Amino acid sequence: MTPSARLAAAASVLDSIAQGRQPAEAVLKTWGSENRYAGSKDRRAVADRVYRVLRARGRLVWAMGGREDGRALVIGSLSLIDGLSLEEIEALHSGDGYGPKPLSKQERARITTTTGELPGWVAAGLPEFVMEDFKATFGDRWAAEAQALMVPRAPIDLRVNTAKATVAEVEAELREA
235 MTPSARLAAA ASVLDSIAQG RQPAEAVLKT WGSENRYAGS KDRRAVADRV
285 YRVLRARGRL VWAMGGREDG RALVIGSLSL IDGLSLEEIE ALHSGDGYGP
335 KPLSKQERAR ITTTTGELPG WVAAGLPEFV MEDFKATFGD RWAAEAQALM
385 VPRAPIDLRV NTAKATVAEV EAELREA
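See the structure below:
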């Protein structure tokens with residue numbers, strides 16, 4: 235898959251998730267099984283994009299003027315999360331092959347418009363409805379606490395089957411990989 239096709243796939247998966255019938259993991263699994271042409275790197279790239287968008291969904295919806303569709307969220311993520319310029323985003327949205335169609339005037343305007351200071355809940359990466367609870371719980375440091383909880387990727391915990399290998403052996407193997 236081309237990078238553009240991966241973006242189109244991520245937008246499609248996000249639209250399916252928004253329908254609310256299945257959790258994100260199940261939607262991604264279904265997409266992977268229905269699109270056998272997508273290799274493991276393609277599936278990983280689509281999943282990474284989807285989860286990054288979901289983690290920053292509130293900020294992306296706000297930045298895209300309230301649009302919640304997968305296409306808008308992906309376009310917003312390219313600008314806000316990846317830091318791509320308008321020209322780079324337009325190159326990925328050429329409409330060629332299986333990639334997304336070209337940007338509309340409104341989408342271009344949302345990318346290039348600086349809308350001033352972000353509302354507190356957007357900057358913190360929180361859904362708007364929980365901001366007051368965070369303020370009540372954490373006081374003046376609510377925004378920093380919210381960012382520490384919401385922005386980073388979840389940690390990975392690994393277990394070792396000590397009947398087959400020691401922890402040191404597995405650590406060494408992981409360092410080599």
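Each residue of the sequence shown is one higher than the one before, starting from 235 at the first, in our numbering. Note that the Cβ used here is the ideal one computed from N, Cα and C, for glycine as well. The model shown is predicted, which means the values in this text are computed figures rather than measured ones.
Sequence-distant residues of the same chain with beta carbon closer than 7 angstroms to residue i, five excluded per side
i: Q381; result: A358 and G359
i: R293; result: L314, V356 and G359
i: R277; result: G266
Residue i to residue j span [Cα, whole Å]
i: T400; j: R255; result: 42 angstroms
i: G299; j: V308; result: 14 angstroms
i: A378; j: F372; result: 9 angstroms
i: I323; j: T264; result: 28 angstroms
i: V284; j: A245; result: 8 angstroms
i: A281; j: F363; result: 27 angstroms
i: R305; j: V261; result: 17 angstroms
i: G354; j: A411; result: 41 angstroms
i: E351; j: T396; result: 53 angstroms
i: E259; j: V247; result: 10 angstroms
i: W296; j: A272; result: 31 angstroms
i: L326; j: L337; result: 10 angstroms
i: P257; j: L288; result: 12 angstroms
Residues of its chain near residue i, where Cβ-Cβ distance is below 8 angstroms and the 5 sequence neighbours each way are ignored
i: T346; result: L320
i: V404; result: L392 and V394
Residue from the options whose Cα sits closest to the Cα of residue i
i: P237; options: L337, G331 and W265; result: G331
i: S274; options: A252, L318, M235 and P257; result: M235
i: N269; options: A242, K398 and S311; result: A242
i: I251; options: D303, P361, A290 and A239; result: D303
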